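What follows is a set of notes on a single structure, which appears directly below.
Number of protein chains: 2
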Amino acid sequence: MTVRKFAIADAEFERSPGQEAEIYAGNLLDERHGGPVTIGFGRYEPNQSLEVTIAVHDTMIVIEGEVSVTTGDGTVTAGAGEIVSMQTGDKVLIRSHSKGALTGYVTYPHWRTAS
Amino acid sequence: MTVRKFAIADAEFERSPGQEAEIYAGNLLDERHGGPVTIGFGRYEPNQSLEVTIAVHDTMIVIEGEVSVTTGDGTVTAGAGEIVSMQTGDKVLIRSHSKGALTGYVTYPHWRTAS
C-alpha cells in the first residue's frame, strides 16, 4: 500500500446498514485493501436520524453541515472542521439538521466486518 | 471512554517533532486516553515542507488550504474536504502551499509512542 487521496466524488454511497434513514456511507479504503482502518465519506440528508450501537472506534469529521450525537451523557453537535470520536459499545443517536451533512470517517478496526 | 467532540480551538499546537518547519500538531485524543487511535489537528504555515518516514497508519483530512504529499510514486494534492491516507513505512515529503493549511488527523496506532 502507498499514499492515496480520496475525494467525495470517488465514493459510491450506500445506505448505512440496518436502518431506513437517508444516511449513506461510501467506503474508499477498507478490509479489501489490507490496512488497519476503514476510510470513507458519509452523506446525511436533512433532518435524518440513526440509532446505533457503535461496533468500532469511529472518528467522524464534519465537512459540511452539522451532525449531533446523543448518548446517555448528553449531546455534542459538530460543524464543519470539527471531529466527533465514538468508541466501541457506545449507544448513540446520530442526527443531521436542516442542511444535512457531509462527513469523513476513519474506523478502527473495519466497521463492515466488525459487527 | 465515551463520545467526544473536538474543535481546532481545543488543540494545543506543538512543532511536529524532528524538524524545523512551521508545521504544528495538536493531539486531542491519544495514548493518554486508552483508546486505539490518536486524533488531532495539524496547522501548516504557507509554503512549508516536511520529509518524514511515516511510523503509523496516518489519515489526514484537509479542512482549509491544500497539502501535497510526494513519494517515489508521485504526488497527490488534497484540498478542503479531501483525505490523504499514508501507511507505516511510507517515505513522504509533505508540503503546504501559498495559503497554508489546517488538517485533522487520525493515526493508528498512536504516533507519539510508535517511533
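Residue numbers (our numbering), protein chains in the order written: chain P, 626 to 740; chain R, 626 to 740.
Backbone N, C-alpha and C define an ideal beta-carbon position, used for all residues, glycine too.
If you're wondering where the values come from, they're calculated on a predicted model, not measured in any experiment.
Hey, is Arg657/R's beta-carbon within less than 9 Å of any beta-carbon in chain P?
Taking the second sequence and counting its residues from 1, one reaches residue 657/R at position 32. Taking Cβ atoms only, chain P never reaches closer than 9 Å to Arg657/R, which makes this a no.
Residues of chain R with CB under 8 Å from Leu718/P, in chain order?
Position 93 of the first sequence, counted from the start, is the residue given in the question as residue 718/P. Within chain R, no residue comes near Leu718/P; the closest Cβ sits about 10 Å away, beyond 8 Å.
Quick one: using the 10 Å Cβ neighbour count with 16 as the cut-off for buried, is Lys724/P buried or exposed?
The count along the first sequence starts at 1 and reaches residue 724/P at position 99. With fewer than 16 Cβ atoms within 10 Å of its Cβ, Lys724/P is classed as exposed.
For Asp683/R, which three-state DSSP category applies?
Your numbering for residue 683/R matches position 58 in the second sequence. Asp683/R: strand per DSSP, three-state reduction.
Taking its Cβ as the centre, do 16 or more other Cβ atoms sit within 10 Å of Asp715/R, making it buried, or is it exposed?
In the second sequence, counting from the first residue as 1, residue 715/R sits at position 90. Buried is the call here.
Please confirm if the region 656-668 of chain R is in contact with the region 678-690 of chain P, defined as three or more CB-CB distances below 8 Å between the two stretches.
yes
When Arg629/R, Phe631/R, Ser674/R, Ala739/R are compared against Tyr649/R, the one with the closest alpha-carbon:
Mapped onto the second sequence, residue 649/R falls at position 24. Nearest C-alpha to Tyr649/R: Ser674/R.
Using only CA atoms, which one of Gly651/P, Val677/P, Asp655/P, Lys630/P lies nearest to Gly667/P?
Along the first sequence, read from residue 1 onward, the residue named residue 667/P stands at position 42. The option with the nearest alpha carbon to Gly667/P is Gly651/P.
Touch test, the region 696-710 of chain P against the region 630-649 of chain R, Cβ-Cβ under 8 Å, three pairs minimum
yes
Excluding the five sequence neighbours on either side, which residues of its own chain have a C-beta within less than 6 Å of the C-beta of Ala703/R, listed in chain order?
Here the question's residue 703/R lines up with position 78 in the second sequence. Around Ala703/R: Val687, Val692, Val709.
Of all the CB atoms in chain R, is at least one closer than 9 Å to the CB of Phe638/P?
On the first sequence, residue 638/P is found 13 positions in, with the first residue counted as 1. No, because no Cβ of chain R sits closer than 9 Å to the Cβ of Phe638/P.
Quick check: Thr627/P and Gln712/R, are their CB atoms within less than 9 Å of each other?
Walking along the first sequence from the start, residue 627/P turns up at place 2. Walking along the second sequence from the start, residue 712/R turns up at place 87. Contact: yes.
Under 7 Å between beta-carbons, which chain P residues line up against Tyr733/R? List them in chain order, please.
The sequence position of residue 733/R within the second sequence is 108, counting from 1. The contacting residues are Pro661, Val662, Tyr733.
Alpha-carbon to alpha-carbon, Leu718/R and Ser641/P:
Taking the first sequence and counting its residues from 1, one reaches residue 641/P at position 16. Taking the second sequence and counting its residues from 1, one reaches residue 718/R at position 93. When rounded, the distance between both Cα atoms is 36 Å.
Check the Cβ of Val677/R against every Cβ in chain P and list those closer than 7 Å, keeping chain order.
Within the second sequence, residue 677/R is the residue found at index 52, counting from 1. Going along chain P, no residue has its Cβ under 7 Å from Val677/R, so there is no contact; the nearest lies around 12 Å.
Quick check on the DSSP output: what are the complete beta strand (DSSP E) runs of length 3 or more inside the region 628-706 of chain R, in order along the chain?
629-631, 648-654, 663-669, 674-678, 682-696, 699-703
So if I threshold CB-CB distances at 7 Å, which residues from the region 702-714 of chain P count as touching chain R?
Ala703, Gly706, Glu707, Ile708, Val709, Ser710, Met711, Gln712
Need the endpoints of the beta strand (DSSP E) that Arg737/R sits in, please.
Here residue 737/R is taken as the residue at index 112 of the second sequence, counted from 1. Careful: Arg737/R lies outside any beta strand (DSSP E) and carries neither H nor E.
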